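Last residue of the sequence shown: 388 (my numbering), numbering continuous. The beta-carbon is built from N, C-alpha and C at its ideal position, and this holds for glycine as well. Please read these numbers as outputs of a predicted model, since none were measured by experiment. Following: one structure in structure tokens, then a few remarks.
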Amino acid sequence: MAATPRRSPTASAVGTVAATLPRALRRGDAVAVVSPCGPVLDHDLLADGIAVVRSWGLDVVEVGHVRAATGHVAGSDAQRTAALNAAIADPAVRAVWVTRGGYGLTRILDRVDWATLAADPRILVGFSDVTALFVAAWRRIGLVGVHGHFVGRLAIQPVAARERLRALLFGEVPAEPLTGVPLPGVPARVVRAPLVGGNLTVLAALAGTPDRVDAAGCVLLLEEVGEAPYRVDRLLTQLRHSDAFAGVVGVAVGAPVRCEPPVDRPSATFAAVLADRLGDLDVPVVTDLPIGHMPEQRAVLHGGAVTLDGAAGRLACHDRLAVAHVPAERLDRSAVRRRGSGTV
């Protein structure tokens, strides 16, 4: 099954590469648990999360120094790279699930074994700092991933959130659209396009690098935690100045977590910053979606086709992980440009 076609930065002038949906999980499949970002903070919660994954009939394998800590990262760059690449290279592993976010993936993106991952795609699972891995995988090889909770926090998520994540991993299409709030004053259009992006801080950190977000013809996903509104303003402004919004057909914003204005000085609100920085893009913008650092986060496919309804404030997913992997195919660039408008 091929996902919605996308522009590829590595394609020749005569074509593009379609997005690649890895094979959905089946009972008995092996899932690699890795720590390429920050160190695990609660080892009991990690054990509980692994137990949940095993209860789904999956074989969980811890790869590398999963519980290591070297300052603010989970082991040295060499250790974390080796573990991630070992998981990618193991033909028995069908999903690579990150334990925790924090920081660390941007340090090793240039060392990831992209060639092996492209030749034998498997599911990448996580969010937050894993945005860097998703965005790089999308830009380099067109790989679709699962933007959802870390295995280290899985056991304490609401049942509905866990079930949606399980369903996505096993190749089901979520039945219920996600509901948010339309941003006032922007076009109330309905668009269909791939959903790409993730954590705002990480996207800004990738600006100007070879792995910067490639969102032309896509709905750009943004979510944030623990940043004051003026910092959100600065991050969005950086993305604007680096042309990250060029060609986007819509913006989906997760509900902010701990992004309130300071109480001891004048400040705009998070919503006001969004209106100021996104309101002139002439695309539908839906905010307050259950995507991001809230416990009730709902999983979505990074790179999967979605419909963003700028009038109703809804985001609906359409793609599902493949029953059997279908390699990326070359498509006519003019067809991609026609679909890149995104309007339904």
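C-beta contact flag for residue i and residue j at 9 Å
{"i": "Ala-366", "j": "Gly-189", "result": "no"}
{"i": "Pro-328", "j": "Ala-355", "result": "yes"}
{"i": "Phe-171", "j": "Glu-268", "result": "no"}
{"i": "Val-297", "j": "Leu-318", "result": "yes"}
{"i": "Asp-255", "j": "Leu-89", "result": "no"}
{"i": "Val-97", "j": "Thr-143", "result": "no"}
{"i": "Val-293", "j": "Cys-262", "result": "yes"}
Pairwise C-alpha distance: residue j and residue i
{"i": "Val-77", "j": "Glu-340", "result": "22 Å"}
{"i": "Val-107", "j": "Ala-312", "result": "44 Å"}
{"i": "Val-235", "j": "Gly-186", "result": "21 Å"}
{"i": "Arg-71", "j": "Trp-100", "result": "7 Å"}
{"i": "Ala-63", "j": "Gly-323", "result": "29 Å"}
{"i": "Val-246", "j": "Cys-303", "result": "16 Å"}
{"i": "Arg-358", "j": "Asn-243", "result": "20 Å"}
{"i": "Ala-112", "j": "Ala-237", "result": "39 Å"}
{"i": "Asp-164", "j": "Pro-135", "result": "8 Å"}
{"i": "Leu-65", "j": "Pro-310", "result": "46 Å"}
{"i": "Ala-122", "j": "Ala-130", "result": "12 Å"}
{"i": "Ala-68", "j": "Leu-213", "result": "6 Å"}
{"i": "Ala-288", "j": "Ala-249", "result": "12 Å"}
{"i": "Gly-241", "j": "Thr-331", "result": "14 Å"}
{"i": "Arg-338", "j": "Glu-220", "result": "Residue 338 is actually Met in this sequence, not Arg. So the two alpha carbons sit approximately 18 Å from each other."}
{"i": "Leu-133", "j": "Leu-161", "result": "Strictly speaking, residue 133 in this sequence is Ala, with Leu absent from that position. Distance between the alpha carbons of Ala-133 and Leu-161 is about 7 Å."}
{"i": "Val-203", "j": "Thr-223", "result": "18 Å"}
{"i": "Gly-229", "j": "Val-295", "result": "14 Å"}
{"i": "Arg-284", "j": "His-116", "result": "29 Å"}
{"i": "Thr-60", "j": "Phe-314", "result": "With a pLDDT of only 42 at Thr-60, under 50, the local geometry of the prediction cannot be trusted, and the value read off the model is given with reservation. Each residue's alpha carbon lies about 37 Å from the other."}
{"i": "Arg-278", "j": "Pro-306", "result": "16 Å"}
{"i": "Ala-74", "j": "Val-105", "result": "7 Å"}
{"i": "Ala-299", "j": "Gly-270", "result": "12 Å"}
{"i": "Arg-364", "j": "Pro-218", "result": "9 Å"}
Nearest candidate by alpha-carbon position, reference residue i, set the options
{"i": "Asp-103", "options": "Arg-309, Arg-111, Arg-67 and Val-140", "result": "Val-140"}
{"i": "Ser-120", "options": "Asp-363, Arg-233, Ala-349 and Gly-82", "result": "Gly-82"}
{"i": "Asp-258", "options": "His-116, Asp-332 and Ala-181", "result": "Ala-181"}
{"i": "Gly-148", "options": "Leu-352, Ala-232, Leu-212 and Thr-114", "result": "Thr-114"}
{"i": "Ala-251", "options": "Gly-229, Ala-290, Cys-262 and Asp-92", "result": "Ala-290"}
{"i": "Gln-282", "options": "Arg-321, Gly-224 and Val-307", "result": "Arg-321"}
{"i": "Arg-433", "options": "Ala-343, Val-350 and Leu-222", "result": "Outside the shown range of the chain (45 to 388) lies residue 433, about which nothing can therefore be said."}
{"i": "Asp-86", "options": "Ala-118, Arg-166, Leu-345 and Arg-197", "result": "Arg-197"}
{"i": "Leu-239", "options": "His-191, Arg-206, Leu-280 and Gln-201", "result": "His-191"}
{"i": "Ala-91", "options": "Asp-73, Val-137 and Val-110", "result": "Val-110"}
{"i": "Glu-168", "options": "Gly-224, Phe-314, Val-137 and Pro-218", "result": "It should be pointed out that residue 168 corresponds to Leu in this sequence rather than to Glu. Of the candidates Gly-224, Phe-314, Val-137 and Pro-218, the one whose C-alpha sits nearest the C-alpha of Leu-168 is Val-137."}
{"i": "Ala-260", "options": "Arg-364, Pro-218, Leu-222 and Ser-286", "result": "Ser-286"}
{"i": "Arg-275", "options": "Ala-316, Leu-265 and Leu-264", "result": "Ala-316"}
{"i": "Thr-150", "options": "Arg-166, Leu-177, Ala-159 and Trp-158", "result": "Leu-177"}
{"i": "Val-84", "options": "Leu-128, Arg-124 and Gly-145", "result": "Gly-145"}
DSSP bridge partner residues for residue i (one or two, in chain order)
{"i": "Ala-139", "result": "Val-75 and Ile-167"}
{"i": "Val-257", "result": "Answer is none; Val-257 lacks a bridge partner."}
{"i": "Leu-264", "result": "Val-240 and Val-295"}
{"i": "Arg-111", "result": "None; Arg-111 has no bridge partner."}
{"i": "Val-188", "result": "Per DSSP, none; premise fails for Val-188."}
{"i": "Asp-103", "result": "Ala-74"}
Check: Which ranges would you report for the alpha helix (DSSP H) in the stretch 282 to 337 if only whole runs of at least 4 residues count?
Finding: 314 to 322
Checklist line | Sequence ranges, alpha helix (DSSP H) only - wholly within the stretch 337 to 368, length at least 4 | finding: none
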